(Lines of atoms letter the chains of each structure in order from A and count residues from 1; the text may use other names and numbers.)
(Lines give C-alpha, C1' and ligand atoms only; values in the text may rest on other atoms or scores of the structure.)
Protein backbone atom coordinates (compact mmCIF):
# COMPACT_ATOMS: atom_id res chain seq x y z
CA UNK A 1 0.00 0.00 0.00
CA UNK A 2 1.80 3.12 -1.20
CA UNK A 3 1.11 6.26 -3.20
CA UNK A 4 -2.62 6.96 -3.34
CA UNK A 5 -5.50 5.07 -1.76
CA UNK A 6 -9.22 5.73 -1.90
CA UNK A 7 -9.61 4.86 1.80
CA UNK A 8 -6.94 4.38 4.47
CA UNK A 9 -7.69 2.85 7.85
CA UNK A 10 -5.19 3.60 10.58
CA UNK A 11 -5.22 0.73 13.08
CA UNK A 12 -4.80 -2.99 12.58
CA UNK A 13 -6.90 -4.19 15.49
CA UNK A 14 -10.37 -5.70 15.43
CA UNK A 15 -12.11 -2.41 14.59
CA UNK A 16 -9.70 -1.56 11.78
CA UNK A 17 -9.72 -4.98 10.11
CA UNK A 18 -13.50 -5.36 10.47
CA UNK A 19 -13.96 -1.93 8.87
CA UNK A 20 -11.65 -2.88 6.00
CA UNK A 21 -13.61 -6.09 5.43
CA UNK A 22 -16.95 -4.26 5.54
CA UNK A 23 -15.74 -1.79 2.91
CA UNK A 24 -14.42 -4.65 0.78
CA UNK A 25 -17.84 -6.36 0.90
CA UNK A 26 -19.26 -3.09 -0.46
CA UNK A 27 -16.68 -2.96 -3.23
CA UNK A 28 -14.59 -0.16 -1.71
CA UNK A 29 -10.82 -0.66 -1.84
CA UNK A 30 -9.09 0.28 1.40
CA UNK A 31 -5.80 -0.22 3.20
CA UNK A 32 -4.99 -0.79 6.87
CA UNK A 33 -1.79 -0.84 8.88
CA UNK A 34 -0.18 -3.80 10.64
CA UNK A 35 -2.25 -6.45 12.40
CA UNK A 36 -2.22 -6.23 16.20
CA UNK A 37 -2.53 -9.84 17.29
CA UNK A 38 -1.69 -9.26 20.95
CA UNK A 39 -4.30 -9.69 23.66
CA UNK A 40 -5.93 -12.56 25.47
CA UNK A 41 -9.63 -13.03 24.80
CA UNK A 42 -12.96 -11.24 24.87
CA UNK A 43 -16.64 -12.00 25.22
CA UNK A 44 -18.91 -11.51 22.23
CA UNK A 45 -22.65 -11.00 22.72
CA UNK A 46 -25.44 -11.42 20.12
CA UNK A 47 -24.98 -8.03 18.44
CA UNK A 48 -21.31 -8.81 17.84
CA UNK A 49 -22.27 -12.14 16.26
CA UNK A 50 -24.79 -10.40 14.02
CA UNK A 51 -22.01 -8.09 12.81
CA UNK A 52 -19.64 -11.01 12.23
CA UNK A 53 -22.40 -12.88 10.39
CA UNK A 54 -22.90 -9.87 8.12
CA UNK A 55 -19.15 -9.84 7.44
CA UNK A 56 -19.28 -13.54 6.57
CA UNK A 57 -16.95 -14.85 9.29
CA UNK A 58 -19.21 -15.87 12.20
CA UNK A 59 -19.32 -19.51 11.10
CA UNK A 60 -15.54 -19.79 11.47
CA UNK A 61 -15.79 -19.04 15.18
CA UNK A 62 -19.08 -20.59 16.26
CA UNK A 63 -17.73 -23.98 15.22
CA UNK A 64 -14.82 -23.54 17.64
CA UNK A 65 -16.20 -21.72 20.68
CA UNK A 66 -19.15 -23.09 22.73
CA UNK A 67 -22.03 -20.94 23.88
CA UNK A 68 -21.86 -19.57 27.41
CA UNK A 69 -25.01 -20.78 29.13
CA UNK A 70 -25.13 -18.01 31.72
CA UNK A 71 -23.11 -16.73 34.63
CA UNK A 72 -23.08 -15.17 38.05
CA UNK A 73 -21.94 -12.11 39.97
CA UNK A 74 -20.91 -12.79 43.57
CA UNK A 75 -20.25 -10.19 46.27
CA UNK A 76 -17.54 -11.77 48.40
CA UNK A 77 -18.22 -9.37 51.29
CA UNK A 78 -21.93 -10.13 51.67
CA UNK A 79 -22.17 -13.51 49.99
CA UNK A 80 -24.97 -12.23 47.77
CA UNK A 81 -25.03 -13.80 44.32
CA UNK A 82 -26.92 -12.81 41.18
CA UNK A 83 -27.42 -15.51 38.57
CA UNK A 84 -27.53 -14.48 34.91
CA UNK A 85 -29.07 -16.50 32.09
CA UNK A 86 -27.99 -16.02 28.48
CA UNK A 87 -30.76 -18.26 27.20
CA UNK A 88 -32.95 -15.43 25.86
CA UNK A 89 -30.28 -13.00 24.73
CA UNK A 90 -30.97 -12.61 21.08
CA UNK A 91 -32.36 -15.04 18.61
CA UNK A 92 -31.36 -18.40 20.02
CA UNK A 93 -28.57 -20.54 18.67
CA UNK A 94 -29.92 -21.36 15.24
CA UNK A 95 -27.61 -18.90 13.45
CA UNK A 96 -24.80 -19.03 15.99
CA UNK A 97 -26.05 -16.16 18.14
CA UNK A 98 -25.62 -16.08 21.87
CA UNK A 99 -22.63 -15.18 24.02
CA UNK A 100 -19.21 -16.78 23.65
CA UNK A 101 -15.67 -16.08 24.79
CA UNK A 102 -13.14 -16.12 21.94
CA UNK A 103 -9.39 -15.67 21.51
CA UNK A 104 -8.70 -12.16 20.26
CA UNK A 105 -5.99 -13.41 17.89
CA UNK A 106 -8.29 -16.04 16.35
CA UNK A 107 -11.03 -13.45 15.80
CA UNK A 108 -8.59 -11.03 14.18
CA UNK A 109 -7.15 -13.69 11.89
CA UNK A 110 -10.65 -14.86 10.88
CA UNK A 111 -11.35 -11.32 9.68
CA UNK A 112 -7.95 -10.67 8.12
CA UNK A 113 -7.83 -13.81 6.00
CA UNK A 114 -10.94 -12.59 4.14
CA UNK A 115 -9.14 -9.46 2.95
CA UNK A 116 -7.59 -9.22 -0.50
CA UNK A 117 -3.79 -9.34 -0.71
CA UNK A 118 -1.94 -6.08 0.03
CA UNK A 119 -4.86 -4.64 2.00
CA UNK A 120 -2.74 -4.67 5.16
CA UNK A 121 0.61 -2.88 5.19
CA UNK A 122 2.97 -4.61 7.59
CA UNK A 123 5.77 -3.07 9.71
CA UNK A 124 4.39 0.44 9.26
CA UNK A 125 3.75 3.14 11.81
CA UNK A 126 2.09 6.49 11.29
CA UNK A 127 4.38 9.45 12.05
CA UNK A 128 2.26 12.45 11.08
CA UNK A 129 -0.83 13.62 9.17
CA UNK A 130 -1.43 16.76 7.13
CA UNK A 131 -4.01 18.09 4.69
CA UNK A 132 -3.11 18.97 1.10
CA UNK A 133 -5.13 21.12 -1.30
CA UNK A 134 -5.33 19.59 -4.78
CA UNK A 135 -5.43 21.36 -8.17
CA UNK A 136 -9.20 21.06 -8.38
CA UNK A 137 -9.47 22.82 -4.98
CA UNK A 138 -10.50 19.62 -3.27
CA UNK A 139 -8.40 18.31 -0.40
CA UNK A 140 -6.61 15.08 0.43
CA UNK A 141 -5.13 13.68 3.59
CA UNK A 142 -1.39 12.97 3.44
CA UNK A 143 0.03 10.33 5.77
CA UNK A 144 3.74 10.21 6.56
CA UNK A 145 4.96 6.85 7.83
CA UNK A 146 8.04 6.28 9.94
CA UNK A 147 9.66 4.24 7.14
CA UNK A 148 9.56 7.32 4.89
CA UNK A 149 6.55 6.27 2.81
CA UNK A 150 3.92 8.89 1.95
CA UNK A 151 0.29 7.96 1.30
CA UNK A 152 -2.46 10.24 0.03
CA UNK A 153 -6.09 9.37 0.57
CA UNK A 154 -9.54 10.84 0.13
CA UNK A 155 -10.93 9.17 3.25
CA UNK A 156 -9.06 8.52 6.50
CA UNK A 157 -10.62 6.30 9.17
CA UNK A 158 -9.03 6.20 12.61
CA UNK A 159 -9.16 2.86 14.45
CA UNK A 160 -5.84 3.29 16.21
CA UNK A 161 -6.82 2.92 19.83
CA UNK A 162 -6.77 5.01 22.96
CA UNK A 163 -3.63 6.96 21.98
CA UNK A 164 -4.95 7.62 18.49
CA UNK A 165 -2.78 9.75 16.19
CA UNK A 166 -5.87 10.39 14.07
CA UNK A 167 -7.83 11.64 17.08
CA UNK A 168 -4.97 13.99 18.00
CA UNK A 169 -4.87 15.34 14.43
CA UNK A 170 -8.64 15.96 14.57
CA UNK A 171 -8.21 17.85 17.83
CA UNK A 172 -10.33 15.46 19.88
CA UNK A 173 -10.00 15.46 23.64
CA UNK A 174 -7.22 13.37 25.16
CA UNK A 175 -8.24 10.05 26.75
CA UNK A 176 -9.32 10.21 30.39
CA UNK A 177 -7.68 7.96 32.95
CA UNK A 178 -10.34 5.69 34.45
CA UNK A 179 -8.42 5.39 37.70
CA UNK A 180 -8.45 1.62 37.43
CA UNK A 181 -5.88 -1.00 36.51
CA UNK A 182 -6.60 -4.39 34.95
CA UNK A 183 -4.80 -7.56 34.03
CA UNK A 184 -6.11 -10.30 31.73
CA UNK A 185 -4.80 -13.72 30.86
CA UNK A 186 -5.37 -17.30 29.79
CA UNK A 187 -4.98 -20.38 31.97
CA UNK A 188 -4.40 -23.75 30.32
CA UNK A 189 -5.47 -27.06 31.90
CA UNK A 190 -3.99 -29.91 29.81
CA UNK A 191 -6.25 -32.47 31.49
CA UNK A 192 -9.35 -30.26 31.25
CA UNK A 193 -10.83 -27.80 33.76
CA UNK A 194 -14.23 -29.45 34.22
CA UNK A 195 -16.08 -26.13 34.59
CA UNK A 196 -19.44 -25.21 33.11
CA UNK A 197 -19.50 -22.77 30.21
CA UNK A 198 -20.47 -19.54 31.93
CA UNK A 199 -19.16 -16.05 32.77
CA UNK A 200 -18.56 -15.57 36.49
CA UNK A 201 -17.55 -12.41 38.34
CA UNK A 202 -16.56 -11.73 41.95
CA UNK A 203 -16.68 -8.34 43.69
CA UNK A 204 -14.96 -7.14 46.85
CA UNK A 205 -13.83 -3.74 48.11
CA UNK A 206 -13.74 -2.03 44.74
CA UNK A 207 -11.96 -4.97 43.16
CA UNK A 208 -13.46 -7.22 40.50
CA UNK A 209 -12.35 -10.51 39.01
CA UNK A 210 -13.87 -13.06 36.72
CA UNK A 211 -13.41 -15.91 34.30
CA UNK A 212 -15.07 -17.69 31.38
CA UNK A 213 -14.07 -20.93 29.65
CA UNK A 214 -12.89 -20.68 26.05
CA UNK A 215 -12.69 -24.43 25.55
CA UNK A 216 -12.55 -27.54 27.70
CA UNK A 217 -8.87 -26.79 28.42
CA UNK A 218 -8.59 -22.99 28.41
CA UNK A 219 -10.04 -20.32 30.67
CA UNK A 220 -9.97 -16.56 30.09
CA UNK A 221 -9.70 -14.56 33.32
CA UNK A 222 -9.36 -10.93 34.39
CA UNK A 223 -8.83 -8.82 37.51
CA UNK A 224 -9.35 -5.08 37.94
CA UNK A 225 -8.89 -2.70 40.87
CA UNK A 226 -8.55 1.02 41.64
CA UNK A 227 -5.04 1.99 40.53
CA UNK A 228 -2.62 2.05 43.47
CA UNK A 229 0.26 4.48 43.99
CA UNK A 230 2.74 1.68 43.26
CA UNK A 231 0.99 0.84 40.00
CA UNK A 232 1.24 4.47 38.93
CA UNK A 233 4.96 4.49 39.71
CA UNK A 234 5.48 1.19 37.85
CA UNK A 235 3.33 2.05 34.81
CA UNK A 236 6.26 2.90 32.53
CA UNK A 237 8.17 -0.24 33.54
CA UNK A 238 5.11 -2.44 33.06
CA UNK A 239 4.66 -1.00 29.55
CA UNK A 240 8.29 -1.73 28.65
CA UNK A 241 8.35 -5.24 30.11
CA UNK A 242 4.98 -7.06 30.36
CA UNK A 243 6.70 -10.00 32.11
CA UNK A 244 6.82 -7.78 35.21
CA UNK A 245 3.02 -7.81 35.24
CA UNK A 246 3.00 -11.61 35.16
CA UNK A 247 5.49 -11.76 38.04
CA UNK A 248 3.37 -9.30 40.03
CA UNK A 249 0.21 -11.35 39.47
CA UNK A 250 1.88 -14.62 40.48
CA UNK A 251 3.48 -13.16 43.60
CA UNK A 252 0.15 -11.61 44.69
CA UNK A 253 -1.90 -14.76 44.14
CA UNK A 254 -2.80 -16.86 47.16
CA UNK A 255 -1.96 -20.53 46.45
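In UniProt numbering, the protein residues as written are 1 to 255. Each residue gets a CB set at the ideal place from its N, CA and C atoms; glycine is no exception. Fair warning: this is a prediction, and the values are worked out from it, not measured in the lab.
CB of residue i within 8 Å of CB of residue j, strictly
| i | j | result |
| --- | --- | --- |
| residue 114 | residue 21 | yes |
| residue 126 | residue 145 | yes |
| residue 177 | residue 72 | no |
| residue 24 | residue 153 | no |
| residue 99 | residue 30 | no |
| residue 252 | residue 224 | no |
| residue 258 | residue 141 | Past the boundaries of the shown model lies residue 258; the chain is included only from 1 to 255, so the question cannot be answered. |
Residue i in three-state terms, based on DSSP
| i | result |
| --- | --- |
| residue 29 | coil |
| residue 244 | helix |
| residue 50 | helix |
| residue 62 | helix |
| residue 167 | helix |
| residue 249 | helix |
| residue 232 | helix |
| residue 106 | helix |
| residue 211 | strand |
| residue 11 | coil |
| residue 199 | strand |
| residue 224 | strand |
| residue 16 | helix |
| residue 97 | coil |
Exposure of residue i, with buried meaning 16 or more beta-carbon neighbours within 10 Å
| i | result |
| --- | --- |
| residue 168 | exposed |
| residue 62 | buried |
| residue 188 | exposed |
| residue 124 | buried |
| residue 170 | exposed |
| residue 59 | exposed |
| residue 81 | exposed |
| residue 121 | buried |
| residue 137 | exposed |
Residue i at chain D interface by Cβ criterion, 8 Å
| i | result |
| --- | --- |
| residue 114 | Absent from the structure: chain D. Only one protein chain is present. |
Rounded distance between the beta-carbons of residue j and residue i, thought under 8 Å
| i | j | result |
| --- | --- | --- |
| residue 105 | residue 148 | Between residue 148 and residue 105 the Cβ distance is about 30 Å, and since that is not below 8 Å, they are no contact. |
| residue 222 | residue 209 | 7 Å |
| residue 76 | residue 195 | In fact, because the Cβ distance is near 19 Å, the residues do not count as touching under 8 Å. |
| residue 108 | residue 9 | So it is not a contact: roughly 14 Å between Cβ atoms. |
| residue 110 | residue 57 | 5 Å |
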